[in-house]
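Colleague: Chains as they are written, first to last, in our numbering: chain A, 4 to 162; chain B, 111 to 367.
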Amino acid sequence: MIQRRQLELWVGVFVAAGLLALAMLAFRVGNLAAGAVTNGYSVQAEFNDIGGLKVRAPVTLAGVRIGRVSSISIDPSNYEAVVTMELDGRYNNIPVDTSASILTAGLLGEQYIGLDPGGSSQYLKNGGRIQVTQSALVLEKIISQFLFNVASKPGAEKK
Amino acid sequence: MNSLRRLGQYVLDSVEGLGRASLFFLEVASGARKLIRRFDLVVQQVFAVGVLTLLIILVSGLFVGMVLGLQGYNTLSKFGAADSLGLLVALSLVRELGPVVTALLFAGRAGSALTAEIGLMKATEQLAGMEMMAVNPVERVIAPRLVAGIISMPLLAALFSAIGVLGGQLVGVGLLGVDSGAFWSQMQSGVSFHEDVLNGVIKSVVFGVVVTWIAVFQGYESVPTSEGVSRATNRTVVYSSLAVLALDFVMTALMFK
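(1) Pick from B:Thr322, B:Phe366, B:Met365, B:Thr335: whose alpha carbon is nearest that of tyrosine 349 (chain B)?
(2) Can you tell me which of the three DSSP states glutamine 137 (chain A) falls into?
(3) Flag this pair as yes or no: are the beta carbons of glutamine 119 (chain A) and serine 104 (chain A) separated by less than 8 Å?
(4) Comparing C-alpha positions only, which one of A:Ser80, A:Ile53, A:Trp13, A:Ala65 sits nearest to serine 74 (chain A)?
(5) Using a C-beta to C-beta distance shorter than 8 Å, which residues of chain A count as neighbours of glutamine 154 (chain B)?
(6) Note down, one range per segment and in chain order, each alpha helix (DSSP H) of at least 4 residues found wholly within the segment 199-247 of chain B.
(7) Measuring alpha carbon to alpha carbon, tell me which of B:Ser187, B:Arg147, B:Ser124 ends up nearest leucine 288 (chain B).
(8) Does alanine 20 (chain A) get closer than 8 Å to chain B when you measure Cβ to Cβ?
(9) Assess contact between the segment 170-188 of chain B and the segment 276-294 of chain B, defined as three or more Cβ pairs (one per stretch) separated by less than 8 Å. Is contact present?
(10) Check whether the Cβ of arginine 59 (chain A) lies closer than 8 Å to any Cβ atom in chain B.
(11) If you draw a straight line from the alpha carbon of leucine 214 (chain B) to that of glutamine 328 (chain B), how long is it in whole angstroms?
(12) Where are the alpha helix (DSSP H) runs, 4 residues long or more, that stay fully inside the segment 141-199 of chain B, in chain order?
(13) So, with DSSP's three-state summary, where would you put serine 332 (chain B)?
(14) Could you spell out the range, first to last residue, of the beta strand (DSSP E) harbouring valine 62 (chain A)?
(15) Output, in chain order, the set of chain A residues within a Cβ distance shorter than 8 Å of phenylalanine 149 (chain B).
(16) Whole-angstrom Cβ separation of leucine 224 (chain B) and valine 326 (chain B), contact assumed at under 8 Å?
(17) State the beta-bridge partners of valine 67 (chain A) as determined by DSSP.
(18) Quick check on leucine 114 (chain B): buried or exposed, where buried means 16 or more other Cβ atoms within 10 Å of its Cβ?
(19) Please determine, among A:Ala24, A:Phe30, A:Leu140, the residue with the shortest C-alpha to C-alpha distance to serine 295 (chain B).
(20) So which of B:Gln236, B:His304, B:Ala217, B:Val199 has the shortest CA-CA distance to leucine 352 (chain B)?
(21) Could you check what DSSP says for aspartate 100 (chain A) in three-state terms: helix, strand or coil?
(22) Mark tyrosine 44 (chain A) as exposed unless 16 or more other C-beta atoms lie within 10 angstroms of its C-beta, in which case mark it buried.
(23) I'd like the list of long-range same chain contacts for asparagine 51 (chain A), defined as Cβ closer than 7 Å, with 5 residues on each side in sequence excluded.
(24) So, is glycine 160 (chain B) buried or exposed, given that buried needs 16 or more other C-beta atoms within 10 angstroms?
(25) Go ahead and pull the three-state DSSP assignment for aspartate 289 (chain B).
(26) Quick check on the burial criterion: 16 or more other C-beta atoms within 10 angstroms. Buried or exposed for aspartate 123 (chain B)?
(27) Check the DSSP bridge columns for valine 301 (chain B) and list the partner residues they point to.
(28) Who are the Cβ neighbours of valine 204 (chain B) in its own chain at under 6 Å, not counting the five residues just before and after it?
(29) Arginine 132 (chain A) and valine 46 (chain A) look like a contact to me (Cβ under 8 Å); what is the Cβ gap, rounded to whole Å?
(30) Are the C-beta atoms of glutamine 298 (chain B) and some chain A residue less than 8 Å apart?
(31) In chain A, which residues lie with their C-beta within 8 Å of the C-beta of valine 301 (chain B)?
(32) Could you spell out the range, first to last residue, of the alpha helix (DSSP H) harbouring leucine 90 (chain A)?
(33) Using a C-beta to C-beta distance shorter than 8 Å, which residues of chain B count as neighbours of valine 14 (chain A)?
(34) List the endpoints of the continuous beta strand (DSSP E) containing glutamine 47 (chain A).
(35) Applying the 10 Å Cβ sphere with the 16-neighbour rule, what's the burial state of arginine 255 (chain B)?
(36) Terminal residues of the continuous alpha helix (DSSP H) containing glycine 60 (chain B)?
Now the structure itself:
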């Protein structure tokens, strides 16, 4: 029979190693360290079409991630999509006339929100609203528009 | 007519067994409340159930991670996405393979040992002897084992996933030349703590409850002969593996949309 002290030592090592592994999964593998937004604030924006934007998609300013999309819903009065984003509290000097557009990382990659700062001296506050927005580019719409343009060009029928 | 009767008998027996198992679980759970004063019993069982399972979990985790690295690289490099290897390895481990493979190994290594131990205690009338001495065997023998299983399983699954990620990194970065920065940064941007890591932990806790429950119940209910104990051990491994796989499907369908 193994000594009692030794047994307790082994159990302690086991529990500590397990908790350490859990911490590694949280901080090294997961995004708990990066995802912790310190005293963040949320702003809203309305889009005609959000394409494939999903909750937790990144919000970037000049390519740098400054927040995440926290929820997406529909405004029942005008049928537009309301996107709420949680921005990092360190970036609290974003002008109110900033525009938001839905962009795609790479050709077929994940969609994210890119912010384009305006020139106003007033800053967005918690619960603020971004007025100028640009919807996502939906590939089918672009293709159909392109085909429509080609077909409507004079001389397109004779070949 | 006779086969129909046997089918009915089988269904009735199964339902009765389920009911007995549920009542047994309630009894053990109420017995577990008294363990706060006898925590050394639990520590002893964590050693038997957790620490002794550690080696097989670590070795399997390392190899599963390394194989994931090799296979993932082969497929991903066809699409020019070898940088996403870290994400692939981490997500498959944290969400599915970590909890499920750990639970299967746990059932084979610790569950079978629990059943055999309790079954033998019953066969040699140690449990009856305890009752004679006014010691409740459910509180003294069964409850510490169940609690130890529930404590050990999530820790083992976390260790499996963590060492699997390291194994994937060993093969991906060390052997196949994936960029180390891309490996970790893609992983961190794609793996969410709340949705992936935490759901994996919830899964492993549920598996811990189910596997240990099946193991102690089968041991406690085993026919007290050497053949009965061997059958009970066999049933523990089969039932808990099936339960783990079925529950995993249900939980995955509920958790990840």
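Where is the CB? At the ideal position from N, CA and C, for every residue including glycine.
Small disclaimer: the values here were computed from a predicted structure and weren't measured.
Modeller: Taking the geometry as given:
(1) Of the listed residues, the one whose Cα sits closest to tyrosine 349 (chain B) is B:Thr322.
(2) In the three-state scheme derived from DSSP, where H, G and I count as helix and E and B as strand, glutamine 137 (chain A) is classed as strand.
(3) The identity of residue 119 (chain A) in the sequence shown is aspartate, whereas the question assumes glutamine. Going by C-beta atoms, aspartate 119 (chain A) is nearer than 8 Å to serine 104 (chain A).
(4) The shortest CA-to-CA distance from serine 74 (chain A) to any of A:Ser80, A:Ile53, A:Trp13, A:Ala65 is the one to A:Ile53.
(5) Residues of chain A passing the Cβ test: Leu10.
(6) If we require 4 residues or more, the alpha helix (DSSP H) runs fully inside the segment 199-247 of chain B come out as 208-216, 222-233, 236-242.
(7) Note that residue 288 (chain B) is valine in the sequence shown, not leucine. Closest by C-alpha distance to valine 288 (chain B), out of B:Ser187, B:Arg147, B:Ser124, is B:Ser187.
(8) Interface residue, yes.
(9) Yes: the two stretches touch, three or more of their Cβ pairs being nearer than 8 Å.
(10) Answer yes: the Cβ-Cβ gap between arginine 59 (chain A) and chain B drops below 8 Å somewhere.
(11) For leucine 214 (chain B) and glutamine 328 (chain B), the distance between alpha carbons rounds to 17 Å.
(12) Counting whole runs of 4 or more residues, the segment 141-199 of chain B contains the alpha helix (DSSP H) stretches 149-159, 164-188.
(13) Three-state DSSP puts serine 332 (chain B) in coil, outside helix and strand.
(14) First-last of the beta strand (DSSP E) with valine 62 (chain A): 61-64.
(15) Those do not exist, as phenylalanine 149 (chain B) stays about 11 Å from chain A at its closest Cβ, beyond 8 Å.
(16) Cβ-Cβ separation between leucine 224 (chain B) and valine 326 (chain B): approximately 6 Å, consistent with a contact (criterion under 8 Å).
(17) A:Leu64.
(18) Leucine 114 (chain B) sits exposed, since fewer than 16 C-beta atoms from the chains shown fall within 10 Å of its C-beta.
(19) Between serine 295 (chain B) and the set A:Ala24, A:Phe30, A:Leu140, the nearest pair of CA atoms involves A:Phe30.
(20) Measuring from the Cα of leucine 352 (chain B), the nearest candidate turns out to be B:Ala217.
(21) For aspartate 100 (chain A), the secondary structure class from DSSP, reduced to helix, strand or coil, is coil.
(22) Within a 10 Å sphere around the beta-carbon of tyrosine 44 (chain A) sit 16 or more other beta-carbons, which makes this residue buried.
(23) Here the set comprises Glu83, Ser138.
(24) Around the beta-carbon of glycine 160 (chain B), 16 or more other beta-carbon atoms lie within 10 Å, marking it buried.
(25) Assignment of aspartate 289 (chain B) by DSSP, reduced to helix, strand and coil, places it in the coil class.
(26) Exposure of aspartate 123 (chain B) is indicated by the presence of fewer than 16 other C-beta atoms within 10 angstroms of its C-beta.
(27) Per DSSP, none; premise fails for valine 301 (chain B).
(28) Once the five neighbours on either side are set aside, the close Cβ partners of valine 204 (chain B) are Ser271, Asp306, Val307, Gly310.
(29) With 8 Å as the limit, arginine 132 (chain A) and valine 46 (chain A) qualify as a contact, their Cβ atoms being about 7 Å apart.
(30) True, the Cβ-Cβ gap to chain A drops below 8 Å.
(31) Within chain A, the residues Val32, Gly33, Asn34 have their CB atoms less than 8 Å from the CB of valine 301 (chain B), given in chain order.
(32) Note, leucine 90 (chain A): premise wrong, no alpha helix (DSSP H); beta strand (DSSP E) at 83-90.
(33) Residues of chain B whose Cβ lies closer than 8 Å to the Cβ of valine 14 (chain A) are, in chain order, Val153, Val156, Phe157, Gly160, Val161.
(34) For glutamine 47 (chain A), the enclosing beta strand (DSSP E) stretches over residues 44-50.
(35) Looking at its Cβ environment, which holds 16 or more other Cβ atoms inside 10 Å, arginine 255 (chain B) is buried.
(36) No answer is possible for residue 60 (chain B): the residues shown for chain B start at 111 and end at 367.
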